[in-house]
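So the structure is just underneath, and the comments pick up after that.
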Amino acid sequence: MAKKPDLPKEFLKRLHGITAKRARAVIDHIMEHGHVTTEELATRYGYGHPPRGARDVREQGIPLDTFFLKDSKGRRMAAYKFADPNDVRRGMLGGRKVFSKEFKRGLMEANGCRCHVCLQPYEDRYLQVDHRVPYEVAGDVPVDERCSPDYMLLCGSCNRAKSWSCEHCPNWLDLKKTSVCESCYWAKPEDYNHVATEQVRRLDLAWVGDEVGDYDRLKAQAVKAKVPVPQFVREVLKGIGRR
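All the letters of the sequence shown, read from the start, carry residue numbers 8 to 250 under this note's numbering.
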């Protein structure tokens, strides 16, 4: 069994002040055993995606370090322990703040009832308010200090894609610099210079309604040319650019 962490009183006070059920269970486990593994998060606490257990704690502003052990079958697995108590992120203490219907309505009135990434229109119930700079990087501000340009509306598909990309980004994992996020595609798809710190350019397209036939014809041409549809679209655009 790992040695229980010897924690400063102020840090312990903050730990005991967290009441969110899922984060509380993970924190209590680390306090008791020194760390928690992804195997334990899955088998003991029911996490289908075990790293989410660490994220639940980090979203409360509690810093965690990741290291690696062997699971019960001898495979490499991640484990989490408390990091430097001085790295407590006070802007995140207490967890995420909910967004009011009025705040979401204001975003829709300002930007339209559509996803900010794929630009497709949706009914308001299918759109989610999202921090342009991830909560895990910048935390949150008091509800009455929120500024609407710091947030955007995303459809479920784009929100999941952003989450996956951000969770694998070096800035998310280590640097935590808001300036890096602010120049990223996932914060400002209309004006960016990198995607999760990589020199990549993205174009998210969707064919809707009467446009579906256009896509089917495009796909048929790609199949005939024996190339994937994205590659075929690139070649078409290159051809247009040479004219």
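Even glycine gets a Cβ: it sits at the ideal position worked out from N, Cα and C.
Inter-residue spacing [alpha-carbon to alpha-carbon] between residue i and residue j
| i | j | result |
| --- | --- | --- |
| LEU182 | SER170 | 17 Å |
| HIS123 | LEU134 | 10 Å |
| GLN238 | LYS245 | 11 Å |
| CYS176 | GLU205 | 9 Å |
| PRO92 | THR26 | 19 Å |
| TYR158 | ASN118 | 11 Å |
| LEU126 | MET115 | 12 Å |
| CYS188 | VAL140 | 6 Å |
| ARG59 | ARG249 | 47 Å |
Exposed unless 16 or more other CB atoms sit within 10 angstroms - verdict on residue i
| i | result |
| --- | --- |
| GLN67 | buried |
| ALA203 | buried |
| LEU19 | exposed |
| ALA232 | exposed |
| ASN200 | exposed |
| HIS36 | buried |
| PRO235 | exposed |
Proximity test, residue i beta-carbon vs the ligand PLP heavy atom, cut-off 6 Å
| i | result |
| --- | --- |
| TYR199 | The model depicted lacks the ligand PLP and carries no ligand whatsoever. |
One or two residues paired with residue i in a DSSP bridge
| i | result |
| --- | --- |
| HIS191 | For clarity, residue 191 is Cys in the given sequence; the question names His instead. HIS201, per the DSSP bridge assignment. |
| PHE89 | LEU71 |
| ASP137 | MET159 |
| PRO84 | According to the sequence as given, residue 84 is Met; it is not Pro. According to DSSP, MET84 bridges with LEU76. |
| ARG121 | PRO128 |
Three-state secondary structure (DSSP) of residue i
| i | result |
| --- | --- |
| PHE74 | strand |
| LEU210 | coil |
| THR44 | strand |
| PRO196 | coil |
| PRO128 | strand |
| ARG29 | helix |
| ARG153 | coil |
| ARG21 | helix |
| HIS175 | coil |
| PRO58 | helix |
Fill in: Inter-stretch contact (C-beta, 8 Å, three-pair minimum) for the region 205 to 213 and the region 225 to 236
no
Item to complete: Decide yes or no for the touch test of the region 70 to 81 against the region 149 to 156: beta carbon pairs closer than 8 Å, at least 3 of them.
Response: no
Discussion item. Can you confirm whether the region 76 to 92 touches the region 110 to 127 when touching is taken to mean that 3 or more C-beta pairs between the two stretches lie within less than 8 Å?
Written reply: no
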